Amino acid sequence: MKKLIKGLLIFIITIVLIVGIPLGILYFMVADSKDNAPTSLYQDSVVLDREIADLINHALSDNENYDFTLSEDDINTLIFAIIRDSLNKDYYKSGCDDEECKNIKVITLEEGIPVIGGKKAYFKHLYAEISGKEMTFYATLDILGMIKTRLQLGFEVGEKDGVYTVKVHKMGLGKINLAKGLGKKIRDPIFSSLGITENEINSKLEKKNLPITFSADDFAFTFDRKDLGAIIAGLLLPDEDKPENTIIKELFALLTTPDEGGLSFGFYDDPEERFGMRLDMKPFAGDEETYDASLNAIKVPFDVDAFIKNKTQTFLLANLTGGDMKVVFTADEFNRLLYDKTNGYENFKYEIPFAEGEANFSLAVKGIAVEIPSSDQIKFNFLVDINGLKSIMVLSGGIEPNKAEDEITIYLNETVTIGEVETSAAFLFDIIGDNVESFELMEYRPQDRAFLITVQAFNSFMSVGGESTPLEAERLRFGTNVLEVFVKVDDPSLQETIENVTGMINDLLSDVFLDPDAFTGQEEEIEELNAILDDINDILNNPEEELDEEDVDQLIEIINQLDEENQQELYNQIEDALLDNEDLLELYNLLFGN
Numbered sequence: 001m002k003k004l005i006k007g008l009l010i011f012i013i014t015i016v017l018i019v020g021i022p023l024g025i026l027y028f029m030v031a032d033s034k035d036n037a038p039t040s041l042y043q044d045s046v047v048l049d050r051e052i053a054d055l056i057n058h059a060l061s062d063n064e065n066y067d068f069t070l071s072e073d074d075i076n077t078l079i080f081a082i083i084r085d086s087l088n089k090d091y092y093k094s095g096c097d098d099e100e101c102k103n104i105k106v107i108t109l110e111e112g113i114p115v116i117g118g119k120k121a122y123f124k125h126l127y128a129e130i131s132g133k134e135m136t137f138y139a140t141l142d143i144l145g146m147i148k149t150r151l152q153l154g155f156e157v158g159e160k161d162g163v164y165t166v167k168v169h170k171m172g173l174g175k176i177n178l179a180k181g182l183g184k185k186i187r188d189p190i191f192s193s194l195g196i197t198e199n200e201i202n203s204k205l206e207k208k209n210l211p212i213t214f215s216a217d218d219f220a221f222t223f224d225r226k227d228l229g230a231i232i233a234g235l236l237l238p239d240e241d242k243p244e245n246t247i248i249k250e251l252f253a254l255l256t257t258p259d260e261g262g263l264s265f266g267f268y269d270d271p272e273e274r275f276g277m278r279l280d281m282k283p284f285a286g287d288e289e290t291y292d293a294s295l296n297a298i299k300v301p302f303d304v305d306a307f308i309k310n311k312t313q314t315f316l317l318a319n320l321t322g323g324d325m326k327v328v329f330t331a332d333e334f335n336r337l338l339y340d341k342t343n344g345y346e347n348f349k350y351e352i353p354f355a356e357g358e359a360n361f362s363l364a365v366k367g368i369a370v371e372i373p374s375s376d377q378i379k380f381n382f383l384v385d386i387n388g389l390k391s392i393m394v395l396s397g398g399i400e401p402n403k404a405e406d407e408i409t410i411y412l413n414e415t416v417t418i419g420e421v422e423t424s425a426a427f428l429f430d431i432i433g434d435n436v437e438s439f440e441l442m443e444y445r446p447q448d449r450a451f452l453i454t455v456q457a458f459n460s461f462m463s464v465g466g467e468s469t470p471l472e473a474e475r476l477r478f479g480t481n482v483l484e485v486f487v488k489v490d491d492p493s494l495q496e497t498i499e500n501v502t503g504m505i506n507d508l509l510s511d512v513f514l515d516p517d518a519f520t521g522q523e524e525e526i527e528e529l530n531a532i533l534d535d536i537n538d539i540l541n542n543p544e545e546e547l548d549e550e551d552v553d554q555l556i557e558i559i560n561q562l563d564e565e566n567q568q569e570l571y572n573q574i575e576d577a578l579l580d581n582e583d584l585l586e587l588y589n590l591l592f593g594n
């Protein structure tokens, strides 16, 4: 009997050891009653769209330094808002003490399950903690009222030689960590059975066009710093194939270009611990004084009458030498005409809304100031507003006329200078491609990234005063800060009128007519104008000399440097000095479609 009892006791102890110890160990490994959920943040006033809008508006409030970082409280408030919005609208609702209000999810097991049937499992809290350069997400669970535990997912961020690594260093339940040691050996077969493999994850990243590489060995994601902008844009912006989405994504991508500043990612400590990304926009900022001056110059209201008088009189002056008839457009006039034709570039604006339009990121071209440094080079200065930051984007190109000079191709460079940064011009090409039709003057060839200007397009461009002009453009030629349009006139009567008025202008320049004291300001320009007129007067009154194109071009150039008030004064003096100005006044109405 004694032996029997002893044997039975040994058997019971053996069973306890075989079953109980593993269960005890398992319980010890799984059990984790710690719950640091920041429930003081859980307020009825927290709404997801409002939280997102507040975070984005705060991030963009300083247009020179975007701060898309979140504190621990920010992250947990956002998690609470997401739970309220997507999982349980009554979660921690004020005045509600039901278990449905105090838990994210309550799961009741079916009654038919032996032993545990009818019991409940509680998904209580989901929150994050930041410590140093690490962040861990915790999901607290109460299983069957017997086991309290936490699911954990933690990661750290490192950067070396321009490569970021986001490494998962904590992943598991309770004290079980599948990211390290023995846990890694358990993890691989479990994840493999669920289809979570290195190849599968990398394939999905590739389909999303996210330049990220996943390594299953250390459960880490790596990506180059230069790709950070494209990654952020790919994660934040909608997938719809819309022009504005493409342009904003390309803009984000170029923001990672500067070696110093630009976009950075990771953990920050100033003064509280924060996680996210920061964007230093100062390298992309333009000189505000230059920006404002350039924009104000092209925004000056377009005075059609003053423009027609200028073009008519300079057209007549250009004909004094008896060569080809031409109309000279200055770069400033070109810029103002473009601004007028595009209605102030009203369609050159791109906006990405967040939180149902409560916050926005915008990119707008406010104007384009063209410079023509030489006959074969051109610069387009895009005056751009990047969410309130004034930036000047300089895109250069080469001017190539065809042999007949009735067509000019402007081949645009592949790079653009934005503030202090030189980078890809891809997103500017997209802006141009979407809007170039509003220029009227040019067409855009995306296959070789070039503008095309033809004499046919320029004919309508010259009709600033009406629907048509009797001047027919035959050739185009760029010079330093000017575009010369060589024209012909088929109407014999108009040709005769032009010759008569040109002769009268020639006679006028043979005499002294200018009253320098009648002009306002611009003393140096008026003095130069007077000197040029004196030189022309000497040439016309000397039978041994002949007026040439260079002399006339100097006169036209100085006239175009006068402001509108002084130009008008000059035109009035010319009109008053002519013995018969009726033909001149008639030409104002005839030449440019007025």
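Residue numbers (the working numbering): 1 to 594. Yeah, the Cβ is synthetic: ideal placement off N, Cα and C, and Gly gets one too. Here the structure is a predicted model, which is why all the values come from computation and not from measurement.
Taking one beta carbon from each stretch, the stretch 42-49 and the stretch 71-81 have 3 or more pairs nearer than 8 Å; the two touch. Contact check between the stretch 581-593 and the stretch 496-515: three or more CB pairs, one atom from each, fall below 8 Å, which counts as touching. Counting other Cβ atoms within 10 Å of its Cβ, D32 reaches 16 or more and is therefore classed as buried. Counting only runs of 3 or more residues that sit fully inside the stretch 75-161, the beta strand (DSSP E) segments are 105-108, 120-131, 134-143 and 147-160, in chain order. Judged by DSSP secondary structure, T290 falls within the alpha helix (DSSP H) whose first and last residues are E288 to K299. I386 is positioned such that its CB atom lies no closer than 9 Å to that of N57. Around the Cβ of V512, a 10 Å sphere holds fewer than 16 other Cβ atoms; the residue is exposed. Annotated three-state conformation of L570 is helix, per DSSP. Taking all protein chains shown into account, Q447 has fewer than 16 neighbouring C-beta atoms within 10 Å of its C-beta and is therefore exposed. Closest in alpha carbon position to D85, among D534, L254, V46 and F219, is V46.
C-alpha of Y164 to C-alpha of D98: approximately 45 Å in a straight line. Cβ neighbours of S294 within its own chain (closer than 8 Å, five residues either side excluded): G367, A369, N381, L383 and I392. Per DSSP, the beta bridge partners of R445 are A450.
Collapsing the DSSP output to three states places N202 in a helix.
Where K208 is concerned, there is no enclosing alpha helix (DSSP H), because DSSP gives it neither an H nor an E. A Cβ-Cβ distance of about 5 Å is found for the pair P283 and E420, placing them in contact under the 8 Å criterion.
The stretch 143-152 and the stretch 165-175 touch, with no fewer than 3 CB-CB distances between them shorter than 8 Å.
V482 is a Cβ neighbour of N560, given a cutoff of 9 Å. Assigned with DSSP and collapsed to three states, S424 falls in strand. Here the C-alpha atom of V487 lies approximately 20 Å from the C-alpha atom of I399.
Straight across, the Cα-Cα distance linking Y339 with T312 is about 22 Å. Shortest Cα-Cα distance from D406 to any of Q456, I532, V489 and D303 involves Q456.
Of all alpha-carbon atoms in I83, S264, T140 and I196, the one lying nearest the alpha-carbon of Y66 is that of S264. Taken through DSSP and simplified to helix, strand or coil, I176 comes out as coil. Per DSSP, the continuous beta strand (DSSP E) segment holding K390 begins and ends at L389 to P401.
Spanning the alpha carbons of I526 and I352 requires a straight line of approximately 50 Å. Residue environment: K403 is assigned as exposed (fewer than 16 neighbouring CB atoms within 10 Å of its CB, all protein chains considered). In this structure D553 is buried. Its beta-carbon is surrounded by 16 or more other beta-carbon atoms within 10 angstroms. The C-alpha of I378 is placed about 25 Å away from the C-alpha of E472. The three-state reading of DSSP puts S374 in strand, counting E and B together. Segment contact: the stretch 213-225 against the stretch 195-204, three or more CB-CB distances shorter than 8 Å; contact assigned.
The criterion of a C-beta distance shorter than 9 Å is not satisfied by I431 and F361.
Counting the other Cβ atoms within 10 Å of the Cβ of E550 gives fewer than 16, which makes it exposed. Counting other Cβ atoms within 10 Å of its Cβ, M135 reaches 16 or more and is therefore classed as buried. V304 has its alpha-carbon roughly 18 Å from the corresponding atom of E440.
In the assembly as shown, M281 is a buried residue. Its beta-carbon has 16 or more other beta-carbons within 10 Å.
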